[in-house]
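In terms of our numbering, the sequence shown is residues 38 to 99.
C-beta: ideal position from N, C-alpha, C; glycine also.
Given the structure is predicted, the values throughout are model-derived calculations rather than measurements.
Data block below; observations after.
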Amino acid sequence: MNILTVEELKDVLKISEKQAKALMRTKEFPSIKIGREYRVEEEALIEWMKTTKSIKLDYSKC
């Protein structure tokens, strides 16, 4: 099992850190919160990418 941080997620998806943080906070995204930090399992990310075509991000809490 490989767990990705916000920094690693942004590198994998080629998005900004702000976008990665907003994505991790959405209810549709399979992230988990550990303390104050968000993480996502690599396998869950792959499954999410297979089923999700688009998502609206809320940047107000980033």
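Under the three-state reduction of DSSP output, Glu79 falls in the helix class. Pairing Val43 with Ala57 gives a Cβ-Cβ distance under 8 Å. Taking the C-beta atoms as reference points, Ser68 is found nearer than 8 Å to Met61. With contacts defined as CB atoms closer than 8 Å, Thr63 and Leu82 fail to qualify as a contacting pair.
Across the set Ser97, Cys99 and Thr89, the C-alpha of Thr89 shows the shortest separation from the C-alpha of Phe66.
Contact check for Leu50 and Val77: beta-carbon distance about 11 Å, past the 8 Å limit, so the pair fails to qualify.
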